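Note sheet for the following structure.
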Amino acid sequence: MNGVSFFEHQQLARRNSRVMVALFLLSVIAVVLVVDVVVGAGYLWLAPGPGHGLAGVPRGVYAAGAGLVLGVILVVTLVHIARLAEGGAKLARLIGAREVAAQTADPLERRFVNIVEEMAIASGVRVPRAFVMDDERSINAFAAGWSVSASVVAVTRGALEKLTRDELQAVVGHEFSHILNGDMALNVRMIGVLAGIVAIGSIGTFLMRAAGESDDWKGAIPFFVAGLAVFVVGYVGLFFARLIKAAVSRQREFLADASAVQFTRNPEGIAGALDQIAASGAGTRIVARYAEEMSHMFFGSSVRVRLFDTHPPLDERIRRVHPRFDADDYRKRREAGLTPLTLPAESMGTVTPAGRRAADIATAWGRTPTQSALLVGALDRAKVEYASRLLAALPSDLRETVRTADGACAVLLALLLAPKEEVMRQQLQALETAGLAELAQRAAAAWPLTRNLSPAFHLPVIDLALPAVKGAPDEATAALLAGIEAVINADRRIELHEFVVLTLVRHQLAAPERRQPASLKLVHLREHAAVLLSLVAHAGTRPDAAGPRAEALQSAMQAGADAMGDITLPQYHQLSFEQAHAALAALKQLAPLQKALLMRGLFAAVTADGAIRVAEAELMRLVGAVLECPLPPLLDEMDPAALAF
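Below, the structure written as structure tokens:
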């Protein structure tokens, strides 16, 4: 992403948050000063003094005006922040968007969902919930959420109807850049923070309307004048709000456009989408109620603003991503269907499984631990193509099953059922003993769909299933979590892969909450880092083996510790999963650049022998998913047909 890593983008987003807060405080001071001028002038008008002007107004009057304004700003800001605690889904519904049903039959919506799924699997992000703004005929989109793993992507109906698949893919790629760059949480936080200074204008509007409706017009004049003054002050707040949004947003739009090109390797896709906006009469304007408050979040300007627009001009954005773009030529080729087209995953056939155990397939790993850590949050067209092939390799029955809540829950359990029927029956019995007989039946029915899937398919299947599971009733999700625990405990041994799947699903189904940016250092969590390092190193070796395997284990752990820095190697060979759970929970609180050190150490341990197995690669992706460090497919040069078993 323009030579800057995922972790550096996350760090930059945190810095932008501090800039936003500083600008907000300055704007509050400016609004208070303007209010005090208005209050002072009103006081002199109603109670003229000896002629000392504003300096002669009692300080208590100014203090009362300032206190009232600060109180309004504080209350409105806190209320809006509380309203946005649900994150992206709440914002999408506020703007009038509808969540796309997982089993939608609308071909335009299905194309959109398929693109979102491809992009998510290609980047290692959990599949965002897809929304459509049905009443918006313009071309626009936005991504929202408090975290990388709990985001939504919304597009207008106009974008679905007017854009080709390549153009829509570029727009979605632009929004995924915002997800990966840490922009979303900043955007949501900005709505809450700026709501207070914008709300003053609404109070002025209310006072003027009340005065206009009064029967006593003479008595209403002071109220109208006061309302007009407050309304003017409100526009001062709106001015500063737009200034703040423009200061934080404009450069990020250039970055997201460039990232979309890197993601699709097709500059005509994003340039063509921007050109279609220029050619469309509706442009990017949003007519919904909260278009102004959310203007900084959209793909294009949602409101018409000349001064301090949140987005750069369309022609400048096109020139940046495609300097030689010829609009007339592109439109002619587009009309004739001659623009380059991306082969959609939904049109590909299912490949024939190969007859070998993919978990044991190893491939040479030619990256250093530092280069490996840079894969976190990477945007690459090769990953998108691989994700398309991977999705195409999944049985169509499995793809359809995970689109319903019951089917998705059954598949998640089936992924954890043992390939041996004897052990599988033991696990199903554990479900029945836990009072989950119906869930056991559905899992048994889904088992033939998953029994031969390689670990390389597990995380994509989990990602495809999670949107439907998140829409299930609370009772169903609670039963699913209880079922997963029953299955993995049935044989009295818990594999690391099983534990990480449970942790990931539990994390994804937890009630949404707004979290403060993490800021802990690895040195403060060295014991937790050592636990995770030990678990990852043990995954590729046998801890109880003597000779070469024991030496390989020690070598892997030492390589990881050296890559992390000041980490003390654990002196034990057996770890409890309570320790692992505590370690994963604690390490999520690392600052972005500290997470980079952690991931570098984990990669050093996994690839200490110069190679990486499919099982190890997918374990790293699962661990990255839990830690909010999205990893794209690591073995994208391999044919999915070779990974089917």
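Numbering (the numbering used here), first residue to last: -2 to 642.
Each residue gets a CB set at the ideal place from its N, CA and C atoms; glycine is no exception.
None of the values given here were measured: they were computed from a predicted structure.
Q. Beta-carbon separation of valine 233 and alanine 38 under 8 angstroms?
A. no
Q: Look up methionine 130 in the DSSP assignment and give the residues it is bridged to.
A: Thr153
Q. Relative to the alpha-carbon of threonine 101, which residue among Asn111, Ile92, Glu133, Ala52 has its alpha-carbon at the smallest distance?
A. Asn111
Q. Around the C-beta of glycine 224, are 16 or more other C-beta atoms found within 10 angstroms, so that it is buried, or is it exposed?
A. buried
Q) Which of helix, strand or coil does DSSP assign to tryptophan 362? A) coil
**Q.** Extent of the continuous alpha helix (DSSP H) to which alanine 588 belongs
**A.** Per DSSP, alanine 588 belongs to no alpha helix (DSSP H) and is neither H nor E.
Q. Which class does glycine 37 belong to by DSSP, given the choice of helix, strand or coil?
A. helix
Q: Please work out which residues of its chain come closer than 8 angstroms, Cβ to Cβ, to glycine 621, disregarding the five sequence neighbours upstream and downstream, and give them in chain order.
A: Gly121, Val373, Met596, Pro627, Leu628
Q.
To the nearest angstrom, how far is the alpha carbon of leucine 413 from that of alanine 361?
A. 28 angstroms
Q) Going by DSSP, which residues form a beta bridge with alanine 663? A) As displayed, the chain neither begins before -2 nor continues past 642, which places residue 663 out of reach and without an answer.
Q.
Among the candidates Ala63, Ile92, Ala333, Leu371, whose CA atom is the shortest distance from the CA of isoleucine 283?
A. Ile92
Q | Backbone CA spacing between glycine 280 and leucine 271 [nearest angstrom] | A | 9 angstroms
Q.
Between which residues of its own chain and histidine 77 is the CB-CB distance below 6 angstroms, once the five residues before and five after are set aside?
A. Gly189, Ala192
Q) Are the beta-carbon atoms of alanine 167 and threonine 261 separated by less than 8 angstroms? A) yes
(Q) For aspartate 326, tell me which candidate among Gly269, Ile218, Phe574 has the shortest Cα-Cα distance. (A) Gly269
**Q.** Uninterrupted alpha helix (DSSP H) stretches inside the stretch 275 to 299 (no shorter than 4 residues)
**A.** none
Q) Candidates Gly85, Leu23, Gly50: which alpha carbon is nearest leucine 67's? A) Leu23
Q: Kindly confirm or deny that the stretch 501 to 508 and the stretch 156 to 172 touch, where touching means at least three C-beta pairs closer than 8 angstroms.
A: no
Q | DSSP-derived helix/strand/coil call for arginine 321 | A | coil
Q) Does the beta-carbon of leucine 71 have 16 or more other beta-carbons within 10 angstroms, so that it is buried, or is it exposed? A) exposed
(Q) Looking at glycine 557: is its Cβ nearer than 8 angstroms to the Cβ of leucine 599? (A) yes
**Q.** Those runs of the beta strand (DSSP E) which lie wholly inside the stretch 424 to 508 and span at least 3 residues
**A.** none
(Q) Mapping the DSSP letters down to three states, classify glutamate 96 as helix, strand or coil. (A) strand
Q.
Could you check whether phenylalanine 251 and lysine 172 sit closer than 8 angstroms to each other, using their CB atoms as the reference points?
A. The question names lysine, but residue 172 is glutamate in the sequence shown. Taking 8 angstroms as the Cβ cut-off, glutamate 172 and phenylalanine 251 do not qualify as a contacting pair.
Q) Of all the options Arg331, Val611, Leu594, which has the alpha carbon lying nearest to the alpha carbon of threonine 365? A) Leu594
Q. Can you tell me whether DSSP reads leucine 413 as helix, strand or coil?
A. coil
Q. Quick one, which of Arg523, Glu289, Ala601 has its alpha-carbon nearest alanine 553's?
A. Ala601
Q: Take glutamate 106 as the anchor and find which of Phe128, Leu463, Lys87 has the nearest alpha-carbon.
A: Phe128
Q: Run the CB neighbour count on alanine 179, radius 10 Å, all protein chains shown included, and call it buried at 16 or more, exposed below.
A: It is glycine, not alanine, that sits at residue 179 in the sequence shown. Buried.
(Q) Tell me the rounded alpha-carbon separation between glutamate 115 and leucine 506. (A) 22 angstroms
**Q.** Range of the contiguous alpha helix (DSSP H) that encloses threonine 74
**A.** 56 to 80
(Q) Cutting at 8 angstroms between CB atoms, please list the residues of its own chain near threonine 447, excluding the five before and the five after it. (A) Leu395, Val408, Ala411, Leu412, Leu414, Val458
Q) Name the DSSP bridge partner or partners of leucine 372? A) DSSP lists no partner for leucine 372.
Q: Identify every residue that forms a DSSP beta bridge with leucine 517.
A: Leu587
Q: Would you identify the three-state DSSP class for alanine 138, choosing helix, strand or coil?
A: strand
Q) Counting pairs of beta carbons, one from the stretch 481 to 497 and one from the stretch 421 to 438, are three or more of them closer than 8 angstroms? A) yes
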